[in-house]
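The structure under discussion appears below in the form of structure tokens.
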């Protein structure tokens, strides 16, 4: 039997959850998921567009190019254009948590540490991912909560040429200056994430 918490987690990482006007239409998301039930899916849970683009913009592009579906579940989403440039579908976090349960659980979850710290449902979902192997979990940023810091290792993703180009465009759309080190994105992962459909490893341990 699925309890209340399990229902909340299913909705949080489900690409078929309800969303408010201005974000991706729910009927299109659900129809697409039904048409492609075997596709790998990555869910990103973050406070806003800027954080996603800065920390994981290139990772999103490379996953998309590898055949993955990418959904960004955000607390704030005033301007989703930068994420649309990267190819991600954007959902509202509050609406996702309140939506009915569906069956499009992702293989991988990428999480912002401040959402982990501020939202109890997200925190419990992330811990369940690690404890029960529900999904592969990675977190960005250096200020990790103690619950996560002791259970993850540092890893990085090297951006492809295409990923660097799309991320550069997304950064510009978000009004963020590009850094000199944009060829690498660093995460903290519970395990090395799945290789993409072309067989390349998504994340490697940082030396």
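Residue numbers (UniProt numbering): 1 to 207. All residues carry an ideal CB built from backbone N, CA and C; glycine is no exception.
Taking each of 62, 65 and 47 in turn and checking the Cα distance to residue 72, the smallest one comes out for 47.
Taking residue 84 as the centre and dropping the five residues before and after it, the same chain places the C-beta of 90 closer than 8 Å to its C-beta, in chain order. Within a 10 Å sphere around the beta-carbon of residue 147 sit fewer than 16 other beta-carbons, which makes this residue exposed. Annotated three-state conformation of residue 134 is coil, per DSSP. Within the DSSP secondary-structure output, residue 90 pairs in a beta bridge with 72.
In this structure, the straight-line span from the alpha carbon of residue 175 to that of residue 129 is close to 34 Å. Within the model, the alpha-carbon separation for residue 164 versus residue 157 is close to 12 Å.
For the options 39, 132 and 53, the alpha carbon positioned closest to that of residue 45 is the one of 53.
Rounded to the nearest whole angstrom, the C-alpha separation of residue 125 and residue 51 is 20 Å.
When secondary structure is reduced to three states using DSSP, residue 178 falls in the coil class, being assigned neither helix nor strand.
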